[in-house]
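Chemist:
Numbering (UniProt numbering), first residue to last: 1 to 170.
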């Protein structure tokens with residue numbers, strides 16, 4: 001077996017022509033795509049002795065922006081309310097540009113929706129905490145999130161919905 005045949009047999013070795021066929025993923029850049037902070041009831045909200053009720057929502061989006069590049073956007077919304085009035089509202093879209101080469105399609109989506117947000121989260125968390133602190137409130141340190149587990153859970157829920165939908169049509 002010559003070198004070219006061996007490379008084709010395993011699929012991970014560089015080809016004889018110098019082509020690199022090994023899967024590779026790298027973070028090219030990360031950035032704040034959109035950031036909003038609202039403190040609509042200031043200065044009265046600073047006189048309230050009761051701590052706010054905080055609601056945090058996450059969303060993840062992935063878009064292919066070139067043949068070998070994907071943008072993953074982690075959206076975080078933090079809404080704080082005291083006695084039914086908004087204390088503060090933070091909306092952040094924090095994105096990363098990932099270079100992707102030779103990654104099988106069945107591995108690409110789990111990476112983009114599970115692993116990529118995990119890599120972006122610590123930086124987005126800091127932006128949220130700093131923004132809230134700069135707005136005059138104690139910084140909110142978001143708890144770490146297992147994005148891979150959330151991705152798997154959503155996949156299972158989707159599969160269950162598809163299965164129940166198929167049974168209803170039969």
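All C-beta atoms in this analysis are idealised placements derived from N, C-alpha and C, irrespective of residue type, glycine included.
Using CA atoms only, rank isn't needed, just tell me which of 88, 76 and 70 is closest to residue 43.
Modeler: 88
Chemist: Write down the C-beta distance between residue 128 and residue 78 rounded to the nearest angstrom, noting that I regard them as a contact closer than 8 Å.
Modeler: 6 Å between Cβ atoms; contact.
Chemist: With a Cβ-Cβ cutoff of 7 Å, do residue 99 and residue 68 count as a contact?
Modeler: yes
Chemist: For residue 55, name the three-state secondary structure that DSSP assigns.
Modeler: The three-state secondary structure of residue 55, taken from DSSP, is strand.
Chemist: Look at the alpha carbon of residue 140 and the alpha carbon of residue 21, and state the distance between them as a whole number of angstroms.
Modeler: When rounded, the separation of the alpha-carbon atoms in residue 140 and residue 21 is 44 Å.
Chemist: What are the partner residues of residue 91, as DSSP defines its beta bridges?
Modeler: Partner(s): 36 and 77.
Chemist: Taking the alpha helix (DSSP H) that residue 131 belongs to, which residues open and close that run?
Modeler: 116-134
Chemist: Using the Cβ count rule (16 or more neighbours within 10 Å means buried), how would you classify residue 5?
Modeler: Per-residue confidence for residue 5 stands at a pLDDT of 44, beneath the threshold of 50, marking its modelled position as unreliable; the derived number appears in the next sentence. Residue 5 should be labelled exposed.
Chemist: Count the other C-beta atoms from every protein chain shown that fall within 10 angstroms of the C-beta of residue 31, then say buried if there are 16 or more, exposed otherwise.
Modeler: exposed
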